[in-house]
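A.B. asks: Heads up: the protein sequence lines correspond to chains A and B, in order.
Using the numbering used here, read the first sequence as starting at 5 and increasing by one per residue.
Using the numbering used here, read the second sequence as starting at 5 and increasing by one per residue.
Protein chains: 2
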Amino acid sequence: MQPTGAAFDAPPLHAGDVAARVRGYLVGLQARITDAIEGVEGRVEEGGARFRSDAWAKPPGEPLQGDGITRILEGGRVFERAGCGFSHVRGPRLPPSATAHRPELAGAPFEAMGVSLVFHPRNPYVPTVHMNVRMIAAGHPGAAPVCWFGGGMDLTPIYGFDEDAVHFHRSCRAALAAFGADKYPRFKAWCEQRGVGGIFFDDFSEPGFDASLAMMQSVGDAFLGAYLPIVERRQGLPYGEREREFQLYRRGRYVEFNLVWDRGTHFGLQSGGRTESILLSMPPLAAWAYQREDPAGSPEAELTARFLQRRDWIEAAEGHQL
Amino acid sequence: MQPTGAAFDAPPLHAGDVAARVRGYLVGLQARITDAIEGVEGRVEEGGARFRSDAWAKPPGEPLQGDGITRILEGGRVFERAGCGFSHVRGPRLPPSATAHRPELAGAPFEAMGVSLVFHPRNPYVPTVHMNVRMIAAGHPGAAPVCWFGGGMDLTPIYGFDEDAVHFHRSCRAALAAFGADKYPRFKAWCEQRGVGGIFFDDFSEPGFDASLAMMQSVGDAFLGAYLPIVERRQGLPYGEREREFQLYRRGRYVEFNLVWDRGTHFGLQSGGRTESILLSMPPLAAWAYQREDPAGSPEAELTARFLQRRDWIEAAEGHQL
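1. Just to confirm, are M117/A and L217/A a CB contact at a threshold of 8 Å?
2. Taking only the alpha-carbon atoms, compute the straight-line gap between A147/B and L109/B and give it to the nearest angstrom.
3. Does any residue of chain B bring its CB to less than 8 Å from the CB of T8/A?
4. Does the stretch 237-255 of chain A come into contact with the stretch 113-133 of chain A, if we say contact requires no fewer than three beta-carbon pairs (one atom in each stretch) closer than 8 Å?
5. Can you give the beta carbon distance from W292/B to P287/A, rounded, assuming they're within the 8 Å contact cut?
6. Compute the Euclidean distance between the alpha carbons of K192/B and D39/B, then round it to the nearest angstrom.
7. Spatial neighbours of H124/B within its chain, please: C-beta separation below 8 Å, excluding the five flanking residues on both sides.
8. Using a beta-carbon distance cut-off of less than 7 Å, what residues from the stretch 279-304 of chain A approach chain B?
9. Rounded to whole angstroms, how far is the Cβ of V119/B from the Cβ of V137/B, which I believe are closer than 8 Å?
10. Can you check the stretch 24-106 of chain B for any beta strand (DSSP E) of at least 3 residues that lies completely inside it and give the ranges in chain order?
11. Give a yes or no on whether the minimum CB-CB distance between Q325/B and chain A is below 8 Å.
12. Rounding to the nearest angstrom, what Cα-Cα distance links L312/B and L252/B in this structure?
13. For A230/A and M157/A, which I take to be in contact (beta-carbon distance under 8 Å), what is that distance rounded to the nearest angstrom?
14. Between A11/B and chain A, is any beta-carbon pair separated by less than 8 Å?
15. Can you name the start and end residues of the beta strand (DSSP E) that P125/A belongs to?
16. Taking a contact to mean a Cβ-Cβ separation below 8 Å, would you say R94/B touches E115/B in this structure?
17. Using the Cα positions of H92/A and A24/A, report the straight-line distance between them to the nearest angstrom.
18. Measure the beta-carbon distance from L77/A to I41/A and round it to whole angstroms, keeping in mind my assumption that it falls under 8 Å.
19. For I76/A, go through chain B and note every residue whose CB falls closer than 8 Å to its CB, in chain order.
20. What does DSSP give as the partner residue(s) for G202/A in the beta ladder?
21. With a cut-off of 8 Å, does the C-beta of G1/B fall near any C-beta of chain A?
22. Residue range of the beta strand (DSSP E) that R254/B falls in?
23. Can you list, in chain order, the residues of its chain with a C-beta nearer than 6 Å to that of G46/B? Leave out the 5 residues immediately preceding and following it.
24. Among the candidates R237/A, R314/A, G143/A and C88/A, whose CA atom is the shortest distance from the CA of P189/A?
25. Taking three-plus beta-carbon pairs below 8 Å as touching, is the stretch 194-211 of chain A in contact with the stretch 231-240 of chain A?
26. Please state whether the Cβ-Cβ distance between M220/A and F172/A is less than 8 Å.
27. Can you pull the chain A residues whose beta carbon is under 7 Å from the beta carbon of E260/B, in chain order?
28. Ignore the nearest five residues each way along the sequence and tell me which others in A179/A's own chain have a CB closer than 6 Å to its CB.
29. Could you spell out where the alpha helix (DSSP H) holding L217/A opens and where it closes?
30. Determine the closest residue to D321/B out of E167/B, G155/B and R310/B, with distance taken between C-alpha atoms.
31. Beta carbon of M139/A, beta carbon of V26/A: below 8 Å?
32. Going along the chain, which residues of its own chain have a beta-carbon closer than 6 Å to the beta-carbon of R97/B, five neighbours each way excluded?
33. What three-state label does DSSP hand R315/B in the structure shown?
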């Protein structure tokens, strides 16, 4: 690594093989996912939508340097809004949200690259999904940089189905199995705030660079298999005004979570990230209502009573021979 | 003040006259404002909506103690959603967002009371408005507590009118005139991020308790006169799908601002405030679209080009004999 001055518009921390290898994987992952979603949308003549692709680069002189590819599909047949972004940025000082666990790197130059997506389906029976994988590298000038990985995926149903929650969690567990049996329960516990959960990990570097990268890739690679079967299963279910209204209300809560609590969003905003890319996660339309109350036993009340609870979905299913 | 232990579910910092005086003002202000809004809504038989009133108290044992009155009107003739909350809370430790300017009070027991409102009109020609007035008192056990005041109001048009911006700013200036000619320009500069701005002040205690309280009251009292004439002027203007769509898009940006950047929201969330009350500010419905572009010269483009700019509205108007 070249020592760099305060201005830090200079070479990336990991020029060469490592950065190129991770970047190559991430750009490919974005393309695979967006291609598959376009496949689900189907033929344009039949109302299938396509992603817009917006390649951007930060102008010289901005505190954060870097580039990315923002891909967004709006107004589709299956997806009302689907955003999937790749970004690769570097900055002079790691923002506070990223150094909570690494005080020795506070204020160090950093480099971050990742793919992040949130898909908002049109049919309220198809769950919203979020996935993110990222690598961060940081180091004070002259010292060897430290790399760590983060990511995960979570599923947010509007109307819950046990079968979908179980399938999603099984896919997550399978993606992590090769990296130690402790990973799925640990990363599941770390990711419980949103929907039926999923997995989330951060600051991950324990088994060394190669194994950590392999784990991140395994999670990224598992996304389509975890989500698309659920989309296929639910997208044809009929729905009406009642389900649409509940969907818009739940999206309001999702917006609240993303903007107020999500660490990735705050990292992006604090580090001067690109607002339009960060707001890729927003739904096309959302509603707020004061203290909505659904009758006990209604499918809307079941969402909270049964699905938005910490639950071992896989064990519950296997216990009940689902 | 009684020294209190860590649990701090004990007597308020300002038991007695001071708290009762400020509380009385605030509860009355909330009632005057909601009554006036119901007046604008008109007769129930003609579609005028009424506020629901929800008096709440924090259960014993929660970190934040206190009570409040949440008032919300939904689905009205003129206002699609109008939330106006009074709250009076005390907690064992002032949250970080409140102590940025007062490091000596970090972690001190505190008491906060205020009225906060956001009104979302139905007609896109009627601007969204936000107003907030509050008093905070804090002090380490055994030391004399420190009181300070904050608040302000700002106007967020969807479609801008010079006349409205000028009237709103003149009302703000008039509310502050008795407290020194420096106040309006200073507090205007402090409040520029949202809409055509307005005034905002915080950590205010310079002229002593009585004069600071009087200034807060003058701002609270000025709200209806600053806003209602604009509502009366615009609520009958005809609009269609195009204006509605732009309104929903602008509301999406408003949500982003409130949840990501607004210090009051963060104070509430960090201090364990009541989520439902905090989310009073959310619109009934909002939309997001990627990089919306409006043709130069269109009324939608004019909003950004002319109205969402730092501007001395009063001087511009008097210069042009508006």
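Even glycine gets a Cβ: it sits at the ideal position worked out from N, Cα and C.
C.D. replies: So, from the data block:
1. no
2. 11 Å
3. Only weak support exists for where T8/A lies, its pLDDT of 33 falling under 50; the value from the coordinates is given anyway. Output row for T8/A: interface = no.
4. yes
5. Between W292/B and P287/A a beta carbon distance of about 7 Å is seen, short of the 8 Å cut, so the two are scored as contacting.
6. 28 Å
7. Only F83, E84, R85, A86, T132, R255, P287 and P288 meet the Cβ criterion.
8. E280, L283, M286, P287, P288, L289, A290, A291, W292, A293, Y294 and Q295
9. Taking the Cβ atoms as the reference, V119/B lies roughly 6 Å from V137/B, within the contact range of under 8 Å.
10. 56-61, 69-78 and 83-95
11. In this prediction, Q325/B has a pLDDT of 48, which is less than 50 and means its spatial position is unreliable; nothing more can be read from the coordinates.
12. 17 Å
13. Rounded to whole angstroms, the Cβ separation of A230/A and M157/A is 7 Å, and the two are in contact under 8 Å.
14. Because A11/B carries a pLDDT of 33, less than 50, the predicted location of this residue cannot be relied on, and the following value inherits that uncertainty. Output row for A11/B: interface = no.
15. For P125/A, the uninterrupted beta strand (DSSP E) run begins and ends at F114 to P125, by DSSP.
16. Taking the C-beta atoms as reference points, E115/B is found nearer than 8 Å to R94/B.
17. 11 Å
18. 7 Å
19. Against chain B, a Cβ distance below 8 Å from I76/A picks out Y294.
20. D158/A
21. Not covered by the structure: residue 1/B. The range shown for chain B is 5 to 326.
22. Annotation: R254/B is outside any beta strand (DSSP E); the continuous alpha helix (DSSP H) that includes it extends over E245 to E260.
23. G52
24. R314/A
25. no
26. no
27. L263 and L283
28. S222, V223 and A226
29. F213 to R238
30. According to the sequence displayed, residue 321/B carries Ala and not Asp. Residue E167/B is the option with its Cα nearest to A321/B.
31. With contacts defined as CB atoms closer than 8 Å, M139/A and V26/A qualify as a contacting pair.
32. G111
33. coil
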